[in-house]
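Colleague: Take a look at the following structure, please.
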Amino acid sequence: MTNAPPRIAIVWRGDREARRAATPQNNRFHRIFEELAAVGLAPEPAVFDEDFADEVLEQLLAVDAVLVWVNPLDDGKTRKILDPLLRKVAEIGRFVSAHPDVILKMGVKEVLYETRHIGWGVDTRLYRTGADFRQAFVPTFLAVGPRVLKRNRGNGGQGIWKVELVGAPAGGATSISVLEAKSGSVPETIDLSDFISRCEAYFTEGGCIVDQPFQSRLPEGMIRCYMSGSRVVGFGQQLVKALVAPPSGSGREPLQPGPRIMHPASAGPFQTLRARMESQWTPEMMATLAIEEASLPIIWDADFLYGPPDASGNDTYILCEINVSSVFAIPDEAAAEIARAMASRLRQSAV
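When the count follows the working numbering, it moves up by one through the sequence shown with no breaks and lands on 425 for the last residue.
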């Protein structure tokens, strides 16, 4: 009888050559490999692609736990093959993070609607069908101010639009300005009805669209709160340019984002946000979405924009999305936290 350390498969997307050549040292997750080994675990690469999904499944069925970094959309590829594969692995008792069912609860834009009552929420609407969207998303909303529409699953700003009224309806048409959050996008003027037709594809396979008011403090930056389970493990601060229109007279070249500055969980400017995440908002989210502590992802993040100052002049924070499928890059301290959390989950499952 051997006392071999638990095997942890780290899954990311790549081709056949990437799978053949992968080692714990030659990829962007090397710090995570190092920290997992440091706590007595045996991490191994598990590069995934649909072309050799059966081979990956065979590997994952033989390990003790699986950590996954695969985007929901990647160069036209989805997780349609990967997610059922991961469910099979979880069904035989292996720990999978993040489990596809947990992603569908918290790693999609619908979470903004389901948790709108939490302190991080705003006036949020949800459209489940194209007909719903066409009927309910009316010009009177836009007359109050710009809105942000978000497809349910995506990454890299795909399917996230700032929508602004350009002119009053004339002859039955409503002219709007739209700007996608995807890198390289520039504002476009289009008829509202044509834009709604463009979004029809977002409702396929059970998709939906979430609708929120545009946050005017967006140019002040975004705070990414990195979580391991229910604990904050760091912050990232960035001056984002997605959904920020170029200034007048600057041409139509897309604005470029600033660098993301990483901070430890102890960073002074973020302690109010940290306290709210750990003591209020994460527990409230778990209760709302029926997610147990043991099912929370080993690594996830919540992106916040600055909301209007409160009555005392203090900052408020508005959740703009939760990322679960592929959270990277991460603060330096987070790799060790991931390893400790992984070891703890395995100990709990062995009891």
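For glycine and all other residues, C-beta sits at the position ideal for the given N, C-alpha and C. Please read all numbers here as calculations on a predicted model, not as lab measurements.
Leaving out five residues before and five after Q133 in sequence, what residues of the same chain have Cβ atoms less than 7 angstroms from its Cβ?
Modeller: A83, A120, listed in sequence order.
Colleague: Spatial neighbours of E358 within its chain, please: C-beta separation below 7 angstroms, excluding the five flanking residues on both sides.
Modeller: For E358, where only same-chain residues beyond five positions count, the Cβ hits under 7 angstroms are I192.
Colleague: Residue range of the beta strand (DSSP E) that Y380 falls in?
Modeller: Here the beta strand (DSSP E) through Y380 covers 374-381.
Colleague: Counting along the chain, where does the beta strand (DSSP E) carrying K236 start and finish?
Modeller: It spans 234-239 - the beta strand (DSSP E) in which K236 sits, taken as one unbroken run.
Colleague: When you compare only the Cα positions, how much space is there between M336 and V142?
Modeller: In a straight line, the C-alpha of M336 is about 22 angstroms away from that of V142.
Colleague: Have a look at E238, R298, E279, D377 and flag the residue whose alpha-carbon is nearest the alpha-carbon of V318.
Modeller: Closest by alpha carbon: E238.
Colleague: Looking at T248 and P220, is the spacing between their C-beta atoms short of 8 angstroms?
Modeller: Taking 8 angstroms as the Cβ cut-off, P220 and T248 do not qualify as a contacting pair.
Colleague: Just to confirm before moving on: does the CB-CB distance between A24 and R421 stay below 8 angstroms?
Modeller: No information on residue 24 is available, as it lies outside the stretch 75 to 425 that the chain covers here.
Colleague: Could you check what DSSP says for C273 in three-state terms: helix, strand or coil?
Modeller: DSSP places C273 in helix when its eight states are reduced to three.
Colleague: Confirm, please, whether the CB-CB distance from R225 to K183 is below 8 angstroms.
Modeller: The answer is yes: Cβ separation under 8 angstroms.
Colleague: Taking one C-beta from the stretch 302-309 and one from the stretch 342-353 each time, how about it: are there three or more such pairs within less than 8 angstroms?
Modeller: Enough Cβ pairs lie closer than 8 angstroms, so yes.
Colleague: Quick check on the burial criterion: 16 or more other C-beta atoms within 10 angstroms. Buried or exposed for V252?
Modeller: So V252 ends up on the buried side.
Colleague: Starting from Q33, follow the beta strand (DSSP E) in both directions and report where the run begins and ends.
Modeller: The question about residue 33 has no answer here: the residues shown for the chain are numbered 75 through 425.
Colleague: Looking at the structure shown, is Q286 part of a helix, part of a strand, or coil, going by DSSP?
Modeller: If DSSP states are grouped into helix, strand and coil, Q286 belongs with the strands.
Colleague: Would you kindly check if the distance between the Cβ of S171 and the Cβ of P405 is under 8 angstroms?
Modeller: No, these two residues do not count as a Cβ contact at 8 angstroms.
Colleague: Taking the beta carbon of P146 as the centre, do at least 16 other beta carbons fall within 10 Å, making it buried, or is it exposed?
Modeller: With 16 or more Cβ atoms within 10 Å of its Cβ, P146 is classed as buried.
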